[in-house]
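Residue numbers (this note's numbering): 45 to 588. Virtual Cβ for every residue (Gly too), placed ideally from N, Cα, C. Input: a single structure, listed below in structure tokens.
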Ligand code: N01
């Protein structure tokens, strides 16, 4: 009515239909669908000066994918998968970054990407149903929808060690490695952290440095990658079978095209179990975890047989029995922390110029001018490498200072840990979507598969809203609570919560202990998301 219109504040047109934050695997595909399929006015904002996300930042020595190249890649374009040539089974970081740059060029994504732009504020306006994003530079932009494609492992965790500022040497976090590389020749290097990253970096730094000292808080179960170049014949066979490989990934619980097993460890003798583990160990990578026994992460005795098997392998690879003993994981069941995949990690401990230091027994006290001091010794170092991981799954979102409907702060909503509906939306934060957010299978899967599922679901959802003249979508509180309960209940049926992992936020002091990813598997999860969409976005409040 004209009278009402005159009194009410006019609805402002937003600058953008959709703002996508992050130019990694998720943000790039989201832009492609939003712009080229839905024909929306879309723009990506990216803190870095190029595409790649994780693969842009993590340039540390030895950085390599733990999933095999032919399925750690986009499946949405058969032309892309046919034309791209992978050099090896597990490609190194530069090759994956090259692939992502190729995708950006091939789909002409760069013209709608704004680099060197870190979003530090996001505020929702209930009147206009729009978000205002603010960048570090002071630039502001309004948008109808926001997709946080900010990555699960992008907010670095650098422990607050006393004395770091006064260290005379150079120090690096693996997640922000200098682009020009680092030459450790002739240097005494200290490496803190023995997660996937530290384990990949160890043998490479050891081969270059004068001496490498590894400061280990928790030993890990690492499995050999068995990397090798892909022959022309192998590459051709993969390409010929791509439809089948992708179908297997999409119909599996973890996004990998591995054979799924129904067998339970208790139904096999110790010798039979050993033979199964040996076969999968020889194949390398995640197969030992994914294809040995169906109850590996559910049943303690099944898990113990795998844990014992890997511990025996570690003993067999490390010459010094005292060092081998220090490397044996005993505080968590195998697979309940993200299992690393390595190339010659344990061999590195057979070198004279590598020292392992147990900082669980004698913790780090401080970084000194000339090195590092633990409770029982001082180590002279020229350089320090922090392979100390990330404030996983929540850090990047919380760092954006998000304020939702009615002035609600994300930091307050998540004070006791993240709460989402399907890992896709957060009650009280309308029109904001998260890609592979907490509460979705995400980090328990081969990420590109989970990413494609989320991005496609979000694109379909926005298309539905457009087609129905709707401008606002928001997760309902009760649907979110039911999903959070379900995520916790499923996790509690497994051994996962037993480990002090980044899955539960244990690596970041003060972070609430909540098992963040959804362990129920991609298959069930995909069905649930499809069902929600088919039921006119059940569990979401939609309006105009
Ligand atoms: O980090 P992490 P990451 N004092 O958190 C130790 C993915 N990724 O960068 O276990 C001493 O796993 C910490 O000790 P503890 C993959 O999903 C993928 O290695 O907390 N030590 C641990 O040893 C992976 O899981 C690829 O007791 C401290 C280490 O630092 C994820 O990224 C390759 C400490 C951190 O391990 C993160 O891996 C690499 C302290 N104060 C990584 N604080 C691919 O191939 C922490 N630590 C795709």
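- For residue 587, the enclosing beta strand (DSSP E) starts and ends at 584-587.
- Contact between the segment 460-478 and the segment 225-233 is absent, with fewer than three C-beta pairs closer than 8 Å.
- For residue 451, the distance from the CB to the nearest heavy atom of the ligand N01 is not below 7 Å.
- Checking the 7 Å criterion, the Cβ of residue 382 is within range of a heavy atom belonging to the ligand N01.
- Taking a contact to require three or more Cβ pairs closer than 8 Å, the segment 444-453 and the segment 249-266 do not qualify as touching.
- The shortest C-alpha to C-alpha distance from residue 234 to any of 483, 454, 64 and 399 is the one to 399.
- Annotation for residue 146: the continuous alpha helix (DSSP H) segment containing it runs 137-150.
- Rounded to whole angstroms, the gap between the alpha carbons of residue 367 and residue 266 is 15 Å.
- Those residues that bring their Cβ nearer than 5 Å to a heavy atom of the ligand N01 are 109, 110, 197, 203, 237, 238, 239, 240, 241, 261, 262, 382, 432, 433, 546 and 551.
- Counting C-beta atoms within 10 angstroms of its own C-beta, residue 264 has 16 or more neighbours from the protein chains shown and is therefore classed as buried.
- Taking C-beta separations shorter than 7 Å and ignoring five residues to either side along the sequence, the partners of residue 82 in its chain run 503, 506 and 507, following chain order.
- Listed in chain order, the alpha helix (DSSP H) elements of length 4 or more contained wholly in the segment 201-283 are 240-252.
- The beta carbon of residue 307 lies closer than 7 Å to those of 337 and 338 in the same chain, with the five residues before and after it left out.
- According to the DSSP assignment, residue 390 belongs to the alpha helix (DSSP H) that extends over 389-392.
- Secondary structure at residue 188: strand, using DSSP grouped into helix, strand and coil.
- In the three-state reduction of the DSSP assignment, residue 82 falls in the coil class, being assigned neither a helical nor a strand state.
- Secondary structure note for residue 417: its beta strand (DSSP E) is the uninterrupted segment 415-418.
- For residue 347, the closest C-alpha among the options 328, 298 and 317 is that of 317.
- The distance from the Cβ of residue 434 to that of residue 201 is about 5 Å, consistent with a contact at the 8 Å cut-off.
- The beta carbon of residue 67 is closer than 6 Å to those of 88, 90, 95 and 157 in its chain, skipping five residues each way along the sequence.
- Of the candidates 407, 492 and 112, 407 places its Cα closest to the Cα of residue 206.
- For the 8 Å CB-CB criterion, residue 404 and residue 261 form a contact.
- Residue 153 places its beta carbon 8 Å or farther from that of residue 74.
- For residue 175, the enclosing beta strand (DSSP E) starts and ends at 174-179.
- Judged by beta-carbon spacing, residue 196 lies within the 8 Å limit of residue 487, meaning their Cβ atoms are closer than that value.
- Note on residue 413: under 16 other CB atoms within 10 angstroms of its CB, so exposed under the neighbour-count rule.
- Taking C-alpha positions only, residue 428 is separated from residue 530 by approximately 42 Å.
- Here residue 552 is not near residue 461, since their CB atoms are 8 Å or more apart.
- Scanning 102, 491 and 583 for the CA closest to the CA of residue 114 turns up 491.
- Taking 8 Å as the cut-off, the beta carbon of residue 386 is found closer than this to the beta carbon of residue 269.
- Between the alpha carbons of residue 102 and residue 480 lies a gap of roughly 19 Å.
- Using a Cβ-Cβ distance cut-off of 8 Å, the segment 52-65 and the segment 162-181 are in contact, since at least three pairs of beta carbons, one from each stretch, lie closer than that value.
- Every beta strand (DSSP E) stretch that sits fully inside the segment 68-124 and reaches 3 residues is listed by chain position as 86-89.
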